[in-house]
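Asks:
Chains as they are written, first to last, in our numbering: chain A, 15 to 124; chain B, -16 to 100.
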């Protein structure tokens, strides 16, 4: 099974909004509402930001939102802040207890 | 503090073996599916394997089937990954990760495995 497809980079100025896409197939992203998103700062472990397509864990700012349409999921970061600069990864359940990650998107706050 | 702590990484020659361990603290380890996720330096995340709460179900990515074995000891709140027939392509940081609500909600700090002659 192939990795999910994410743009390698995204950027925005402080206060702006940026959206990162994550494209899979009808066997993974399109088949299950089990898409999650992770934030990873350099040298750190990933952190869960979104689960089950659009739910935010406790402590994650509501500036982070997400959705899914068909085989593509999206993460939107509103009101960009300098600390949002990080790598972002999407993940989807692929069936048969198999998980797929995206290649990652480096978000730069200009 | 609720955390996962990996150990056992290091330098190993191609064809060699290594056993990773993961210790869980301050949560009910035996109630959760646990995964191993790997990441090459500067690269993306890749799911490797997972195991169900009682250890009766184990799943692996195709690239490690027959070489890696995941196991757990709930009495010791510990997870293991036995890695055999290692190749240079297995050089990665390996994370122990708790599964919850169909996501990976708790990550360890990772342990580095380097396969090199």
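Where is the CB? At the ideal position from N, CA and C, for every residue including glycine.
By Cβ distance below 7 Å, which residues in the same chain neighbour residue 83 of chain B in space, the five residues on each side in sequence not counted?
Replies: Here residue 83 of chain B is taken as the residue at index 100 of the second chain, counted from 1. Only 15 meet the Cβ criterion.
Asks: Measuring CB atoms only, is the stretch 37 to 46 of chain A touching the stretch -13 to -3 of chain B, in the sense that at least three cross pairs come out at less than 8 Å?
Replies: Because the criterion of three Cβ pairs below 8 Å is not met, the stretch 37 to 46 of chain A and the stretch -13 to -3 of chain B do not touch.
Asks: Assuming residue -7 of chain B is part of the beta strand (DSSP E), what are its boundary residues?
Replies: By one-based count along the second chain, residue -7 of chain B stands at place 10. Residue -7 of chain B -> beta strand (DSSP E) spans -7 to -5.
Asks: Starting from the Cα of residue 81 of chain B, find the closest Cα among B/47, B/1 and B/9 and give me that residue.
Replies: The residue labelled residue 81 of chain B in the question sits at position 98 within the second chain. Of the listed residues, the one whose Cα sits closest to residue 81 of chain B is B/9.
Asks: Run through DSSP, which three-state label would residue 45 of chain A get?
Replies: Here residue 45 of chain A corresponds to residue number 31 of the first chain, with the count starting at 1. Coil, per DSSP.
Asks: Please look up how many angstroms separate the CB atoms of residue 156 of chain B and residue 94 of chain B, rounded, as I've assumed it's under 8 Å.
Replies: Here chain B has residues from -16 to 100 only, and residue 156 of chain B is not among them.
Asks: Applying the criterion that 16 or more other CB atoms from any shown protein chain within 10 Å of the CB defines a buried residue, is residue -11 of chain B buried or exposed?
Replies: In the second chain, counting from the first residue as 1, residue -11 of chain B sits at position 6. By the 10 Å Cβ count, residue -11 of chain B comes out buried.
Asks: So with Cβ pairs under 9 Å, would you call residue 26 of chain B a contact of chain A?
Replies: Residue 26 of chain B sits at position 43 when you count from the first residue of the second chain. Closer than 9 Å to some Cβ of chain A, the Cβ of residue 26 of chain B qualifies, so yes.
Asks: With three or more beta-carbon pairs closer than 8 Å as the criterion, would you say the stretch 88 to 95 of chain A touches the stretch 31 to 38 of chain A?
Replies: These segments touch.
Asks: Near residue 32 of chain B, which residues of its chain fall below 8 Å by C-beta distance, leaving aside the five closest residues on each side in sequence?
Replies: Against the second chain, residue 32 of chain B aligns to sequence position 49. Same-chain partners within the cutoff: 18, 19, 41, 42, 43, 44, 47, 51, 53 and 64.
Asks: Excluding five sequence neighbours on each side, which residues of the same chain lie with their C-beta closer than 6 Å to the C-beta of residue -14 of chain B?
Replies: In the second chain, residue -14 of chain B corresponds to position 3, counting from 1. Excluding positions up to five away in sequence, the list reads 8.
Asks: Alpha carbon to alpha carbon, how far is residue 59 of chain B from residue 84 of chain A? Give it in angstroms, no decimals.
Replies: Counting from 1 along the first chain, the entry for residue 84 of chain A is found at position 70. Counting from 1 along the second chain, the entry for residue 59 of chain B is found at position 76. Rounded to the nearest angstrom, the two C-alpha atoms are 43 Å apart.
Asks: For a test of the three-state rule: what should DSSP assign to residue 77 of chain A, helix, strand or coil?
Replies: Looking up residue 77 of chain A in the first chain gives position 63. Looking at residue 77 of chain A - three-state DSSP - the assignment turns out to be coil, as it is neither helix nor strand.
Asks: Tell me which residues of the stretch 56 to 70 of chain A have at least one Cβ-Cβ distance to chain B shorter than 9 Å, keeping chain order.
Replies: Per Cβ criterion, the list reads 58, 59, 60, 61, 62, 64, 65, 66 and 69.
Asks: Closer than 8 Å by beta-carbon distance: list the chain E residues that pair up with residue 19 of chain B, in chain order.
Replies: No chain E is present in this structure, whose protein chains are A and B.
Asks: Using a cut-off of 8 Å between C-beta atoms, extract the partners of residue 111 of chain A located in chain B.
Replies: Indexing the first chain from 1 puts residue 111 of chain A at position 97. By Cβ distance, chain B contributes 33, 40 and 42.
Asks: So who's on the other strand from residue 81 of chain B, going by DSSP bridges?
Replies: Numbered from 1 along the second chain, position 98 holds the residue referred to as residue 81 of chain B. The partner list for residue 81 of chain B (beta bridge, DSSP) reads B/17 and B/89.
Asks: Report the neighbours of residue 78 of chain B on chain A: residues whose CB is nearer than 7 Å to its CB, in chain order.
Replies: Here residue 78 of chain B refers to the residue found at position 95 of the second chain. The contacting residues are 59.
Asks: Would you identify the three-state DSSP class for residue 73 of chain B, choosing helix, strand or coil?
Replies: Counted from its first residue, the second chain places residue 73 of chain B at position 90. Three-state result, residue 73 of chain B: helix.
Asks: Closest Cβ-Cβ distance between residue 124 of chain A and chain B: below 9 Å?
Replies: Walking along the first chain from the start, residue 124 of chain A turns up at place 110. No, no contact with chain B.
Asks: Closest by CA to residue 78 of chain A, which one among A/60, A/53 and A/21?
Replies: Position 64 of the first chain holds residue 78 of chain A. That would be A/53, whose Cα lies nearest to the Cα of residue 78 of chain A.
Asks: Helix, strand or coil for residue -12 of chain B? Go by DSSP, reduced to three states.
Replies: Sequence index remark: in the second chain, residue -12 of chain B carries index 5 (1-based). If DSSP states are grouped into helix, strand and coil, residue -12 of chain B belongs with the strands.
Asks: Please decide whether residue 114 of chain A counts as near chain B, where near means a Cβ-Cβ distance under 9 Å.
Replies: In the first chain, the residue the question calls residue 114 of chain A occupies position 100. For residue 114 of chain A, the answer is yes, since a Cβ of chain B falls inside 9 Å of its Cβ.
Asks: Please return the same chain residues whose Cβ sits closer than 6 Å to the Cβ of residue 97 of chain B, not counting the five positions on each side in sequence.
Replies: Sequence index remark: in the second chain, residue 97 of chain B carries index 114 (1-based). Answer for residue 97 of chain B: -6 and 74, listed in chain order.
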